[in-house]
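Undergrad:
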Amino acid sequence: DAKAAALAVRDALRLARSLEDEPLLITQLVRSSCLIIASASLERVLTLHALAEPELLDFAAVLQEAEARNQTAFVRGLIGERCSGTHIFQSPGSEIARVMGQDASDGFPFFHHVLDLVGVRNQDFSFYLETMDRWVRSSKLPYPDCLERARFVHREFIGSIQRHRLFVLSSQLLPYFGEAANKMAGTAARLRCAQVAMAVERFRLKNDGQPPVGLDRLPPAFLSSVPSDPFDGNPLRYRLLSNGYAIYSLGEDGADQGGAGPSQKKSDRSKPHDVAFTVER
Numbered sequence: 008d009a010k011a012a013a014l015a016v017r018d019a020l021r022l023a024r025s026l027e028d029e030p031l032l033i034t035q036l037v038r039s040s041c042l043i044i045a046s047a048s049l050e051r052v053l054t055l056h057a058l059a060e061p062e063l064l065d066f067a068a069v070l071q072e073a074e075a076r077n078q079t080a081f082v083r084g085l086i087g088e089r090c091s092g093t094h095i096f097q098s099p100g101s102e103i104a105r106v107m108g109q110d111a112s113d114g115f116p117f118f119h120h121v122l123d124l125v126g127v128r129n130q131d132f133s134f135y136l137e138t139m140d141r142w143v144r145s146s147k148l149p150y151p152d153c154l155e156r157a158r159f160v161h162r163e164f165i166g167s168i169q170r171h172r173l174f175v176l177s178s179q180l181l182p183y184f185g186e187a188a189n190k191m192a193g194t195a196a197r198l199r200c201a202q203v204a205m206a207v208e209r210f211r212l213k214n215d216g217q218p219p220v221g222l223d224r225l226p227p228a229f230l231s232s233v234p235s236d237p238f239d240g241n242p243l244r245y246r247l248l249s250n251g252y253a254i255y256s257l258g259e260d261g262a263d264q265g266g267a268g269p270s271q272k273k274s275d276r277s278k279p280h281d282v283a284f285t286v287e288r
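Numbering-wise, our numbering comes out as the position in the sequence shown, counting from 1, plus 7.
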């Protein structure tokens, strides 16, 4: 039932909207996963069925809205995490032990009390706030500048932690955020590819089911302009297949794999791959 499937995917995309205002990065990662799962479902629907233009236009609007809000949602998550980290730093050792899953009877609270007395915890806290602030500011930059800046901040963080072994809270709290910018960009790439796919499908409806030979055939009738790849700033890539097409981003590794997505084999999932939206129909 193509119509019911399309409605279900649309609702799934809008369901992710309910998480956008949550001020925790883990929630934004869940929202990202919801969007990616819904996008993959839309990919499968389009592989099985051609949708009508009103449905394609509705999907394009929902995808555009989700992508427009994506970066702000990730930044909000980082700011919320900074608040949570501040609470941890300002808590007594016993509370820190509980949050970190440590046994309060093993000397963990006393260790943090000593760090507090000699001023190391204040230094650790200052380093934490400064690093989080740099990540927040870098995440507000346009693509792909935000990625380059976030990687630089992460490299500096790793070097500083290696030099300051007693910054124990920062070393436990901060590594989690090093990949936030890549997750943010990956979600944006997936949503942008899906938006372009809606335009390609509209083109096919007007051209006897044939996809365009290139994305430059889409503006201005089907797309205002070809979106850029968040990972390198160039227009999204496009490849015609024997029975369809692939729209893709280079992904985190920056290598062009011709639109090849992650392998379905568990042992090969770590291999380089693109962020692609592929329709074979």
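Here a beta-carbon is modelled for each residue, glycine too, at the ideal position from N, C-alpha and C. On a predicted model such as this, the values are computed, not experimentally measured, just so you know.
Spatial neighbours of Gln71 within its chain, please: C-beta separation below 7 Å, excluding the five flanking residues on both sides.
TA: Closer than 7 Å at Cβ, skipping near neighbours: Gln202.
Undergrad: Straight-line CA distance for Ala187 to Gly193?
TA: 10 Å
Undergrad: Starting from the Cα of Leu32, find the closest Cα among Gln179, Phe184 and Phe284 and give me that residue.
TA: Phe184
Undergrad: Within the segment 137 to 192, note down every full beta strand (DSSP E) run reaching 3 residues or more, in order along the chain.
TA: none
Undergrad: For Asn129, count the other beta carbons within 10 Å of its own beta carbon; 16 or more makes it buried, fewer makes it exposed. Which is it?
TA: Answer is exposed; the Cβ neighbour count stays below 16.
Undergrad: Would you check if the distance between the CB atom of Leu225 and the CB atom of Pro242 is smaller than 8 Å?
TA: no
Undergrad: I'd like to know whether the C-beta of Phe210 is nearer than 8 Å to at least one C-beta of chain D.
TA: Going by chain labels, chain D is absent from the structure shown, which holds only one protein chain.
Undergrad: Taking the straight line between their C-alpha atoms, what separation do you get for Pro99 and Thr34?
TA: 27 Å
Undergrad: I need the straight-line Cα distance from Arg170 to Arg24, nearest angstrom please.
TA: In a straight line, the C-alpha of Arg170 is about 41 Å away from that of Arg24.
Undergrad: Look at the Cβ atom of Pro257, then the Cβ atom of Phe284, and state whether they are nearer than 8 Å.
TA: The question names Pro, but residue 257 in the sequence shown is Leu. No; because the gap between Cβ atoms is not below 8 Å, this pair is not in contact.
Undergrad: In chain order, what residues of the same chain have a beta carbon less than 7 Å from the beta carbon of Phe229, not counting five sequence neighbours either side?
TA: Listed in chain order, the non-local C-beta contacts of Phe229 below 7 Å within the same chain comprise Ala206, Arg209 and Phe210, local neighbours out to five positions each way being set aside.
Undergrad: Which same chain residues end up closer than 8 Å to Ser146 when comparing Cβ atoms and leaving out the 5 residues on each side of it in sequence?
TA: Gln78, Phe81, Val82, Leu85, Cys153, Ala157, Ala187, Ala188 and Met191
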